[in-house]
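Take a look at the structure set out below.
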Amino acid sequence: MIAVADMEHCRAAIRHGSLSFHTASRLLPTQIRDPALALYAFCRLADDAVDLHEEKAAAVLRLRDRLDLAYRGTPRDAPADRAFAAVIETYDMPRALPEALLEGLAWDAMGRRYATLSDLTAYCTRVAASVGAMMCVLMRVRDAEALARACDLGVAMQLTNIARDVGEDARARRIYLPTDWMAEVELDPETFFAEPLPHDAVRAMVKRLLAAADRLYFRSEAGIADLPLAARPGIYAARHIYAGIGTAIRRNGYDSVSWRGRTSKRQKAGWLGLSMVRAGVSAVMPRSAVLFAPPLEETRFLVEAAARAGRPPAGAWGDGRGGALLGALAQLEATDRARMQTGTGAPQI
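Numbering follows this note's numbering, in which position 129 of the sequence shown is assigned residue number 126; successive positions increment by one, without gaps.
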């Protein structure tokens, strides 16, 4: 059980750090909303812990240690750690899911670039679909079909975030647009960093990202309709609020370089109402055949991990997905050493 003071800390962290999720979470029943806020608070803590530290490898290693302590039932004496440890114990959270998130943060810290949409989807799987799978666990949903659609929604939301932040990322010398796409239009990342402008070629790539996200938003809806009825309004709300960011970008001519897509409080309120209606309608509609579509290849490991009952013991690093995380950490340590030796930013991988 999450302590009252720890829960209040998690609520405050999400209220200030993720307005879109905080808005959508208002429609979740308390028994799902509280552990979901604890989960998101730990994820937010993890993201900030890496972003705000120059020695990225050390930051991710500290997070790995904090996760290990949480799985041992002896979390670090901090509200988000204690709350997440309670979630792990109560819901039997598969360790591969938060490990995948840490692997994605390690990729971020390395300044990794993604050649293809599939490569980018693998990144989105780790930093966002992993959270979607963990949300299913909180709802006591472990069937593979619903998990696959939850992962679709996570990837769609992250693709939307990437489309929204193209200009902001370029000014920070980060690029998430597939480099194969950039090569097709003869746009070099370094040239774009030097002068980030909303060229037609950049707008076209943003359009492609949003089209990929829309396909996954559509697929995800069949899974939302398969969740517990009380949980559906909140998840529909998250789907509509994030897709609404994409709609705002479209209305701005796909320019997310000189302008950052956002939605208004009035729009969010409208989507909350729509989500409640859609949840009610879903209760009387037959299951969609889309529910049974296979998972994306990039998300399959999350679906399989979340569908299995039980979790490996604390300290079980190096096996399966844990081995992938350790491999990413080794790469990250090498990247940090290279950066410190040259006095430059992290080399691109």
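Cβ atoms here follow ideal geometry from the backbone N, Cα and C, with glycine treated the same way.
For residue j and residue i, believed in contact at Cβ under 8 Å, the rounded distance
{"i": "A35", "j": "F81", "result": "6 Å"}
{"i": "L24", "j": "S272", "result": "6 Å"}
{"i": "L293", "j": "D116", "result": "Rounded, the Cβ-Cβ distance is 13 Å, inconsistent with contact."}
{"i": "A77", "j": "A10", "result": "7 Å"}
{"i": "R168", "j": "P186", "result": "The Cβ separation is near 13 Å, so there is no contact."}
{"i": "C40", "j": "L98", "result": "6 Å"}
{"i": "I358", "j": "A106", "result": "Given a span of -2 to 346 for the chain in the structure shown, any question on residue 358 remains unanswerable."}
{"i": "R146", "j": "S217", "result": "5 Å"}
{"i": "A210", "j": "T157", "result": "5 Å"}
{"i": "M202", "j": "L174", "result": "5 Å"}
{"i": "Y349", "j": "T176", "result": "There is simply no residue 349 to check, as the chain begins at -2 and stops at 346 in what is shown."}
{"i": "G267", "j": "R161", "result": "The pair is not a contact, with the Cβ atoms about 20 Å apart (cut-off 8 Å)."}
{"i": "V134", "j": "G151", "result": "No, V134 and G151 are not in contact; Cβ-Cβ is about 13 Å, not under 8 Å."}
{"i": "A235", "j": "F18", "result": "7 Å"}
DSSP state of residue i mapped onto helix, strand, coil
{"i": "T113", "result": "coil"}
{"i": "L184", "result": "coil"}
{"i": "S15", "result": "coil"}
{"i": "I(-1)", "result": "coil"}
{"i": "M136", "result": "coil"}
{"i": "Y120", "result": "helix"}
{"i": "P193", "result": "coil"}
{"i": "R161", "result": "helix"}
{"i": "R23", "result": "coil"}
{"i": "E5", "result": "helix"}
{"i": "E52", "result": "coil"}
{"i": "L213", "result": "helix"}
{"i": "L174", "result": "coil"}
{"i": "A153", "result": "helix"}
{"i": "L293", "result": "coil"}
{"i": "A10", "result": "helix"}
{"i": "R305", "result": "coil"}
{"i": "A286", "result": "helix"}
{"i": "A169", "result": "coil"}
{"i": "G312", "result": "Because the pLDDT of G312 is 48, which lies under 50, any placement of that residue in the model is unreliable, and the question is left without a value."}
Under 8 Å between C-beta atoms of residue i and residue j
{"i": "A280", "j": "P230", "result": "no"}
{"i": "P91", "j": "A303", "result": "yes"}
{"i": "L102", "j": "I159", "result": "no"}
{"i": "D44", "j": "I(-1)", "result": "no"}
{"i": "A54", "j": "A46", "result": "no"}
{"i": "Y233", "j": "K204", "result": "no"}
{"i": "L213", "j": "A143", "result": "no"}
{"i": "I238", "j": "K265", "result": "yes"}
{"i": "A141", "j": "V287", "result": "no"}
{"i": "V163", "j": "S253", "result": "yes"}
{"i": "R73", "j": "R63", "result": "yes"}
{"i": "M136", "j": "I29", "result": "yes"}
{"i": "A126", "j": "T296", "result": "yes"}
{"i": "S285", "j": "P195", "result": "no"}
Note to self: Quick check on the DSSP output: what are the complete alpha helix (DSSP H) runs of length 4 or more inside the segment 63 to 108, in order along the chain?
What the structure shows: 76 to 88 and 93 to 106
Next item on the list: Within the segment 218 to 284, note down every full alpha helix (DSSP H) run reaching 4 residues or more, in order along the chain.
Entry: 229 to 248 and 262 to 279
Check: Given 8 Å as the limit, is there contact between the segment 176 to 184 and the segment 117 to 126, that is, 3 or more CB pairs closer than that?
Finding: no
Margin query: Closer than 8 Å is the cut-off here; do at least three beta carbon pairs connect the segment 220 to 233 with the segment 245 to 254?
Written below: no
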